[in-house]
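Take a look at the structure set out below.
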Amino acid sequence: MTLSMRRLNPVIGTEISGIQVTRDLGDNAFGELYQAWLDSGGLLVLRDQELEPEDQIAFSQRFGELDPLKGQTVEPYLLPGHPEIYRVSNKVKDGEKLGRQRAGTYWHSDNSHKERAAKCSLLYGIEVPEYGGDTQFAAMTKAWDELSPTFQKMIEGLRCVHDFEKAKSGSFKNETVTDSHLRTTPAISHPLVRTHPETGRKCLFLNAGVITHIEGMSVEESQPILDYLYKHCTRPEFVYRHQWRQGDLLVWDNRSTMHYAVADYDGVGDRYMHRTTVFGDRPV
7 MTLSMRRLNP VIGTEISGIQ VTRDLGDNAF GELYQAWLDS GGLLVLRDQE
57 LEPEDQIAFS QRFGELDPLK GQTVEPYLLP GHPEIYRVSN KVKDGEKLGR
107 QRAGTYWHSD NSHKERAAKC SLLYGIEVPE YGGDTQFAAM TKAWDELSPT
157 FQKMIEGLRC VHDFEKAKSG SFKNETVTDS HLRTTPAISH PLVRTHPETG
207 RKCLFLNAGV ITHIEGMSVE ESQPILDYLY KHCTRPEFVY RHQWRQGDLL
257 VWDNRSTMHY AVADYDGVGD RYMHRTTVFG DRPV
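Residue numbering for the sequence shown follows my numbering, beginning at 7 and increasing consecutively.
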């Protein structure tokens, strides 16, 4: 079959329409979709999907091994009977939260605090508010390309310390982060500039929620460099802002993108989504 594709943004994002991933994707079609994902800068928007939890899990596994979520900080928000699915939602039923509200409201790459940082994440929009609740994506390959050669030379080879304990007082300050959680994911260093294992292209690798400093530098020495890079990466010309529709399935590459969930929909309506996450390799 021939996929219907449309670029969404000059630097990141391709829309796929006219297919159902549960039935229309043989190996050849999936290979075409996968290549479009890489060529797009690491973001696919698949419209009008109709997915049961089993369907999303099966499709996600075509990208690789799923990250097991039991025992992690987000465990209270896993879908009962389907621990591979993390619910992101502002819905409450009978006093029980049906997902984690206001998740991801900072620029980040998923699970960068792990040795095997996430390869990709898949987020399925089951209920979306009439307006608000957009997700922004930054093209980290383009951000690297647009740095001056002098700055590139200065930062290439540097490593950043990713420490989930920082999230305990930041993005996860309203969640239960135990000593056990911290022991299972101790601080780790990853390259500030990584090479994408499939495209071979260099990209910046950042996460404002867990990076504490540049290895070998103090926090005070590191912060001006990091602040500049966060501002540079999120320049408007490097960012695509996605307005959700019901049935959207987004697949983003955590190796070459950052994303930010805009929490501006309080009182507007229900937002209920299912996320799966695929393991990657250790960044190099």
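Beta carbons are placed, not taken as given, at the ideal position from N, Cα and C, and that holds for glycine.
For residue i, the three-state DSSP class (helix, strand or coil)
i      : result
Thr156 : helix
Pro203 : coil
Pro16  : coil
Ala149 : helix
Phe135 : Note on residue identity: the sequence assigns Pro, not Phe, to residue 135. In the structure shown, Pro135 sits in coil (DSSP, three-state: anything other than H, G, I, E or B).
Pro86  : coil
Glu56  : coil
Arg93  : strand
Thr190 : helix
Endpoints, the alpha helix (DSSP H) within which residue i is located
i      : result
Gln67  : 59 to 67
Trp43  : 33 to 45
Lys172 : 170 to 174
Unbroken beta strand (DSSP E) run spanning residue i, endpoints
i      : result
Pro197 : 194 to 197
Glu300 : Summary: the structure shown does not reach residue 300, with the chain confined to residues 7 through 290, and so no result is reported for it.
Tyr266 : 263 to 267
Val51  : 49 to 52
Lys120 : Taken as a continuous stretch (DSSP letters only), Lys120 belongs to no beta strand (DSSP E), as it is neither H nor E.
Lys76  : Run containing Lys76: none; DSSP gives neither H nor E here.
Leu210 : 208 to 210
Beta bridge counterpart(s) of residue i as assigned by DSSP
i      : result
Arg277 : Arg277 pairs with nothing; no bridge assigned.
Glu102 : Lys99
Val167 : Ser195, His219
His112 : A quick correction: the sequence has Tyr, not His, at residue 112. Its beta-bridge partners do not exist; DSSP assigns none.
Ile161 : DSSP, once it has assigned bridges, lists no residue as partnering Ile161.
Thr282 : Leu128
Ala144 : Val245, Met264
Glu81  : Glu81 pairs with nothing; no bridge assigned.
Ile22  : Met11, Leu52
*Does the stretch 153 to 163 touch the stretch 260 to 278, meaning 3 or more C-beta pairs lie closer than 8 Å?*
Contact between the stretch 260 to 278 and the stretch 153 to 163 is absent, because fewer than three Cβ pairs lie under 8 Å.
*Whole runs of the beta strand (DSSP E) within the stretch 219 to 266, excluding any shorter than 3 residues*: The stretch 219 to 266 contains these whole beta strand (DSSP E) runs: 245 to 248, 255 to 259.
*asked:* Count Cβ pairs between the stretch 243 to 261 and the stretch 158 to 169 that sit closer than 8 Å; are there 3 or more?
replied: No, they do not touch.
*asked:* Contact between the stretch 22 to 33 and the stretch 47 to 63 is defined here as three or more beta-carbon pairs at a separation below 8 Å; is this criterion met?
replied: With the cut-off at 8 Å, the stretch 22 to 33 and the stretch 47 to 63 touch.
_With three or more beta-carbon pairs closer than 8 Å as the criterion, would you say the stretch 73 to 84 touches the stretch 38 to 48?_
Output reads no: the stretch 38 to 48 does not touch the stretch 73 to 84.
*asked:* Below 8 Å, how does it come out for the stretch 235 to 252 and the stretch 66 to 75: are there three or more Cβ pairs, yes or no?
replied: Taking one beta carbon from each stretch, the stretch 235 to 252 and the stretch 66 to 75 have fewer than 3 pairs nearer than 8 Å; the two do not touch.
*Okay, do the stretch 202 to 210 and the stretch 260 to 269 touch, 3+ Cβ pairs below 8 Å being the bar?*
Contact between the stretch 202 to 210 and the stretch 260 to 269 is present, with at least three C-beta pairs closer than 8 Å.
_Using a Cβ distance threshold of 8 Å, determine whether the stretch 164 to 171 contacts the stretch 218 to 227, with at least three qualifying pairs required._
Output reads yes: the stretch 218 to 227 touches the stretch 164 to 171.
_When you compare the stretch 103 to 120 with the stretch 223 to 233, are there three or more beta-carbon pairs, one atom per stretch, that lie closer than 8 Å?_
Taking 8 Å as the limit for Cβ pairs, the verdict is that the stretch 223 to 233 does not touch the stretch 103 to 120.
*Hey, is the stretch 277 to 290 in contact with the stretch 124 to 131, meaning 3+ C-beta pairs nearer than 8 Å?*
With the cut-off at 8 Å, the stretch 277 to 290 and the stretch 124 to 131 touch.
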